[in-house]
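J.:
2 protein chains.
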Amino acid sequence: MSGQSASLNETIRSEIAGRILSGEWPPGHRIPIELELMAAYGCSRMTVNKVLAALAAEGLIERRRRAGSFVGRQRSQSAVLDIPDVRAEVKALGLPWRMDILARSVRRSTAADRARLGEGAGPRVLALACRHFAGAPVHAIEDRLIDLEAVPEAETAEFDAVPPGAWLLSHVPWSQAEHRIAAVPADDALAGLLGVQPGAACLQVDRRTWRSGRPVTAVRMTHPGDGYSLVARFAPGA
Amino acid sequence: MSGQSASLNETIRSEIAGRILSGEWPPGHRIPIELELMAAYGCSRMTVNKVLAALAAEGLIERRRRAGSFVGRQRSQSAVLDIPDVRAEVKALGLPWRMDILARSVRRSTAADRARLGEGAGPRVLALACRHFAGAPVHAIEDRLIDLEAVPEAETAEFDAVPPGAWLLSHVPWSQAEHRIAAVPADDALAGLLGVQPGAACLQVDRRTWRSGRPVTAVRMTHPGDGYSLVARFAPGA
DNA sequence: CAGTGGTCTAGACCACTGA
DNA sequence: CAGTGGTCTAGACCACTGA
Numbered sequence: 000m001s002g003q004s005a006s007l008n009e010t011i012r013s014e015i016a017g018r019i020l021s022g023e024w025p026p027g028h029r030i031p032i033e034l035e036l037m038a039a040y041g042c043s044r045m046t047v048n049k050v051l052a053a054l055a056a057e058g059l060i061e062r063r064r065r066a067g068s069f070v071g072r073q074r075s076q077s078a079v080l081d082i083p084d085v086r087a088e089v090k091a092l093g094l095p096w097r098m099d100i101l102a103r104s105v106r107r108s109t110a111a112d113r114a115r116l117g118e119g120a121g122p123r124v125l126a127l128a129c130r131h132f133a134g135a136p137v138h139a140i141e142d143r144l145i146d147l148e149a150v151p152e153a154e155t156a157e158f159d160a161v162p163p164g165a166w167l168l169s170h171v172p173w174s175q176a177e178h179r180i181a182a183v184p185a186d187d188a189l190a191g192l193l194g195v196q197p198g199a200a201c202l203q204v205d206r207r208t209w210r211s212g213r214p215v216t217a218v219r220m221t222h223p224g225d226g227y228s229l230v231a232r233f234a235p236g237a
Numbered sequence: 000m001s002g003q004s005a006s007l008n009e010t011i012r013s014e015i016a017g018r019i020l021s022g023e024w025p026p027g028h029r030i031p032i033e034l035e036l037m038a039a040y041g042c043s044r045m046t047v048n049k050v051l052a053a054l055a056a057e058g059l060i061e062r063r064r065r066a067g068s069f070v071g072r073q074r075s076q077s078a079v080l081d082i083p084d085v086r087a088e089v090k091a092l093g094l095p096w097r098m099d100i101l102a103r104s105v106r107r108s109t110a111a112d113r114a115r116l117g118e119g120a121g122p123r124v125l126a127l128a129c130r131h132f133a134g135a136p137v138h139a140i141e142d143r144l145i146d147l148e149a150v151p152e153a154e155t156a157e158f159d160a161v162p163p164g165a166w167l168l169s170h171v172p173w174s175q176a177e178h179r180i181a182a183v184p185a186d187d188a189l190a191g192l193l194g195v196q197p198g199a200a201c202l203q204v205d206r207r208t209w210r211s212g213r214p215v216t217a218v219r220m221t222h223p224g225d226g227y228s229l230v231a232r233f234a235p236g237a
């Protein structure tokens, strides 16, 4: 099926995934137990266990002790979205990356700051506004808050050669992030900064990042709608 | 660290992931070989192999025979985006879902159809245009092409009670999908259908789906920008 | 050609939990 | 309390591939 002589592992995996994806084993269907699969494929239990554990990790099946393994009930499509660093993204387009720092300030965190960073935000924050260029056109406006309790070094860091996002990635062990993607019209200020007409459609990506449950940073990247898009790939069987 | 008595597996995993995420082992760093980790943790090779294979599957490390295992170089943030079925999405909002079929036709695939479906498209397609409601407001406009060679049953299927996306999910074994997300202004026709002003920002999600390398369907879902957003979560260590 | 990872075996003991 | 999955062991042989 998939080129190269597949390992036994892959053979079993694709047969089971195929039955699920084809609907032969519908959601809720009980799939054979490990002992039965061992007998069917003439292999050891570790081999089928590895396959089933992987399918469970992907959500294609659910496993319950004593009860057995079942085809997952809700097969909502999920996709892996790469959210690259701005500079890498621009360079991947073959364009020179450049950044202006529009504003930078350290302040006691306001109620709005704490709401934006989320539960557990520290008392002081660094607020940054940057404009990223891809060649001549503006690629994005970055509006970022960094929790100085979580990242004290940020207070004195120079963000001239490296985008704040990349700096944080290399200085802070993040552990969790949440993204929200929306289409918004540019207000007057944003339109001026992006070089588009007021009201023009923009793609807005909000990201909040935590480190062991405490906020690290919250950022809003706003891209001009024309010519910018996010791409996500998905392959349930791999 | 993570509540419950963790398995040896999880212990090793979190120690290695911690060193990578904390920067102690920077990108490109060569991590201990399996034999060394076996000695360090006093466990069998299968146990460390399982951990390293899982870290490699997530992209946190790269493994090369003879050379060893290395901390991944590009830690671009990636996020898991759930792309639910429209009906499930609307119902999750606590609103009644309803759908109009605006147009439905079967035709010999045009050059544009083939370009949209991608390499390997069949000779005939079903084109569908639907309008999805979440209560009174329009939730999305669906513009879909289904390859009738890949899914002949679609030609006679009634799509009155089930959105085409859900119908396909339950009838066709898909294997791969690609998504493109962009912000676009509503043109006059779209504005009329969505009930927004011409030029209003809309979130447009294009999805193409393949089954063993051959196109199944291509769909464009366009959502009014106000009040609609996509959410993605990410946890590098899990 | 030797070092490293890829895969597999044939067991074992245990943890859950539902018939 | 018996069936099922979770995890682990101590090996084995092989496939790559870079020193």
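Going down the list, the protein sequences come from chains A and B. Residue numbering for the first sequence follows numbering that gives the first Met the number 0, beginning at 0 and increasing consecutively. Residue numbering for the second sequence follows numbering that gives the first Met the number 0, beginning at 0 and increasing consecutively. Don't be surprised by glycine CBs; every beta carbon is placed ideally from N, CA and C.
Is there a C-beta anywhere in chain B that falls below 8 Å from the one on residue 150/A?
T.: Judged by the 8 Å Cβ criterion, residue 150/A is not in contact with chain B.
J.: Of all Cβ atoms in chain A, is any one closer than 8 Å to the Cβ of residue 40/B?
T.: no
J.: Could you tell me the alpha carbon to alpha carbon distance between residue 13/B and residue 21/B, rounded to whole angstroms?
T.: 11 Å
J.: The beta strand (DSSP E) spanning residue 147/B covers which residue range?
T.: First-last for residue 147/B: undefined, no H or E at that position.
J.: Provide the residue(s) that pair with residue 201/B in DSSP beta bridges, ordered along the chain.
T.: Answer by DSSP bridge pairing, in chain order: 183/B and 223/B.
J.: Under 8 Å, do residue 133/B and residue 161/B count as touching if we go by C-beta distance?
T.: With contacts defined by Cβ atoms closer than 8 Å, residue 133/B and residue 161/B do not form a contacting pair.
J.: Drop a sphere of 10 angstroms on the beta-carbon of residue 149/A, count the other beta-carbons inside from all chains shown, and report buried for 16 or more, exposed for fewer.
T.: buried
J.: Residue 138/B and residue 218/B look like a contact to me (Cβ under 8 Å); what is the Cβ gap, rounded to whole Å?
T.: So it is not a contact: roughly 15 Å between Cβ atoms.
J.: Starting from the C-beta of residue 83/B, find all residues in its chain whose C-beta is less than 8 Å away, skip the five residues before and the five after it, and write them out in chain order.
T.: 91
J.: State the CB to CB distance for the pair residue 231/A and residue 51/A, rounded to an integer number of angstroms; the pair is presumed to be in contact (CB under 8 Å).
T.: Rounded, the Cβ-Cβ distance is 27 Å, inconsistent with contact.
J.: Using the beta-carbon of each residue, which ones in chain A are nearer than 8 Å to residue 14/B?
T.: The premise fails here: residue 14/B is roughly 13 Å from chain A at the closest Cβ pair, so nothing lies under 8 Å.
J.: Closer than 8 Å is the cut-off here; do at least three beta carbon pairs connect the region 59-71 of chain B with the region 65-74 of chain A?
T.: no
J.: Tell me the DSSP secondary structure of residue 24/B in three-state form.
T.: The three-state reading of DSSP puts residue 24/B in coil, since its state is none of H, G, I, E or B.
J.: Could you pull the DSSP bridge partners for residue 194/A from this structure?
T.: Paired residues: none, contrary to the question.
J.: Kindly indicate if chain B contains any beta-carbon less than 8 Å away from that of residue 131/A.
T.: no
J.: Mind listing the chain A neighbours of residue 114/B? Cutoff is C-beta to C-beta under 8 Å, in chain order.
T.: Going along chain A, no residue has its Cβ under 8 Å from residue 114/B, so there is no contact; the nearest lies around 17 Å.
J.: What residues from chain A crowd round residue 177/B, counting only those whose CB sits closer than 9 Å?
T.: 78, 230, 231, 232 and 233
J.: Have a look at 203/A, 187/A and 202/A and flag the residue whose alpha-carbon is nearest the alpha-carbon of residue 196/A.
T.: 187/A
J.: Could you pull the DSSP bridge partners for residue 166/B from this structure?
T.: According to DSSP, residue 166/B bridges with nothing at all.
J.: Is residue 17/B helix, strand or coil by DSSP?
T.: helix
J.: What residue does the alpha helix (DSSP H) around residue 70/B start on, and which one ends it?
T.: Element bounds for residue 70/B: not the alpha helix (DSSP H) but the beta strand (DSSP E), 67-70.
J.: When burial is assigned at 16 or more other CB atoms within 10 Å of the CB, is residue 34/B buried or exposed?
T.: Residue burial annotation: residue 34/B is exposed, with fewer than 16 other C-beta atoms found within 10 angstroms of its C-beta.
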